[in-house]
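Trainee: When the count follows numbering that gives the first Met the number 0, it moves up by one through the sequence shown with no breaks and lands on 131 for the last residue. Ideal placement from N, C-alpha and C gives every residue a C-beta, glycine not left out.
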Amino acid sequence: MSDIADVPPAVVGRLRVICGELPGAYEEPAWIGLRWRIRRRTFLHVYTTDERGSAYIDMDDPAILMTFRAPPGELAALAHAGPPFFRADWGVNVVGMVLDDETDWAEVAELVTDSYRVQAPHRLAFRLKAGG
């Protein structure tokens, strides 16, 4: 397991704010970087690649990557959208995104919230939709 040292504090801070709004969501260290879960289901994973790169995307330099779950209607569109998105093939509904200086954090909040809805029990997903 790693600590959060491989993910810039500014990125972790933004993701903590987003995930802090999601009922029952919690953060924990992952094998690399951090992940956020609902119950025991991961809906967000963020980490920084090293000199070995990533198995999912060709990058010349280290990068901050975020993987998340996409709803069925958005999966194909995101997976084929091109940069900053990529398909992370370790799960049937997992998509990745490169986080950089050009990242639209409003879009990230929407994607993370959708990922949470995919993984959350219906009762919690409904609570989120109902605003409470």
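Helix, strand or coil, according to DSSP, for G52 in the structure here?
Mentor: Note that G52 has pLDDT 48, beneath the 50 cutoff, so the model's placement of it is unreliable and the number below is only indicative. Three-state DSSP puts G52 in a strand.
Trainee: Check whether the region 3-21 and the region 77-96 are in contact - that is, three or more C-beta pairs closer than 8 Å.
Mentor: Contact fails: fewer than three Cβ-Cβ distances are below 8 Å.
Trainee: Determine whether the beta carbon atoms of W104 and R13 lie at a separation below 8 Å.
Mentor: Contact: yes.
Trainee: Could you work out which residue in E109, G32, L127 is closest to E73 when comparing CA atoms only?
Mentor: If we check each option's Cα against that of E73, E109 comes out closest.
Trainee: DSSP puts G95 in a beta bridge; with which residues?
Mentor: Paired residues: T66, F85.
Trainee: Quick check: the Cα distance between G52 and E26, rounded to an integer number of angstroms?
Mentor: Annotation note: pLDDT 48 at G52 (below 50); position unreliable, coordinate value reported separately. Roughly 24 Å between the two C-alpha positions.
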